[in-house]
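First comes the structure, then the notes that go with it.
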Amino acid sequence: MTQKDDTAERNVVRVEGDIVFVRRVGETQLRDVQRMCKAMEDTLAAHGRGFWLFDLKDAGGFGAEARKWAGEWEKQHAVTALAAFGGNLEIRSLTRLIATAVKASSSLRSEFVAEFFNTEAEARAWIDALRARPPAP
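Note that the working numbering has the sequence shown beginning at 11, numbered continuously upward.
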């Protein structure tokens with residue numbers, strides 16, 4: 011008897027204009043990250059910028075293979091910002107660590123910012139405020 015890996019089906023990835031909304035459920039695996047990043051690639055191509063919006067309230071860890079792949083992907087793609095909400099201190103810390111490493115590892119990241127919020131509404135308001143700022147020279 012084989013078990014079905016339903017990790018991808020449990021995670022939500024939704025494109026909303028220049029936002030890629032991701033609801034992480036459980037541990038994030040390689041195929042989850044690939045699906046998220048494909049959505050962001052399409053968003054960057056369509057809009058010239060892209061914002062991650064992560065719902066972390068049901069998130070688990072981040073598999074090693076997924077972390078490695080995401081790190082390589084991020085070196086080649088200039089995502090504008092990451093806004094996250096929910097999640098416990100451990101998940102927020104892990105996400106912040108990954109975001110900091112991504113920014114440090116690529117020259118594309120000079121303008122990249124990441125912030126954490128208590129609610130989705132606060133995270134979306136922050137993204138709206140970023141959109142209103144003039145682009146960096």
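No residue lacks a Cβ here, since even glycine has one placed at the ideal position from N, Cα and C.
With a threshold of 16 other CB atoms inside 10 Å of the CB of residue i, please say whether the residue is buried or exposed.
i    : result
E128 : The amino acid occupying residue 128 in the given sequence is Asn; Glu does not appear at that position. By the neighbour-count rule (16 or more Cβ atoms within 10 Å), N128 is not buried but exposed.
A139 : exposed
V89  : buried
E82  : exposed
E37  : exposed
V123 : exposed
P144 : exposed
A74  : exposed
L63  : buried
E132 : exposed
A142 : exposed
So residue i is in the alpha helix (DSSP H); what residue range does that whole segment cover?
i    : result
A55  : 40-57
D28  : Neither: D28 is in no alpha helix (DSSP H) and is coded neither H nor E.
R141 : 130-142
I want to see whether chain C comes within less than 9 Å of residue i, judged by CB atoms only; does it?
i   : result
D42 : Protein chains in the displayed structure number just one, and chain C is not present.
With distances taken Cα to Cα, identify the nearest neighbour of residue i among the options.
i    : options              : result
V43  : D28, V23, T53        : V23
R34  : G27, R41, E26, R20   : R20
W136 : A93, L40, W83, K85   : A93
A69  : H87, G96, H57, E75   : G96
E51  : L104, D28, L107      : D28
D65  : T53, R134, P144, A55 : R134
V25  : L40, K48, R41        : K48
A56  : L107, E130, V30      : V30
Just verifying my parser: in three-state terms, what is the DSSP assignment at residue i?
i   : result
D68 : strand
R33 : strand
A88 : coil
E7  : Any question about residue 7 goes unanswered here, given that the chain covers just 11 to 147.
N21 : coil
If I'm right that residue i touches residue j with Cβ under 8 Å, what's the distance once you round it to whole angstroms?
i   : j    : result
F72 : L104 : 6 Å
F61 : A91  : 5 Å
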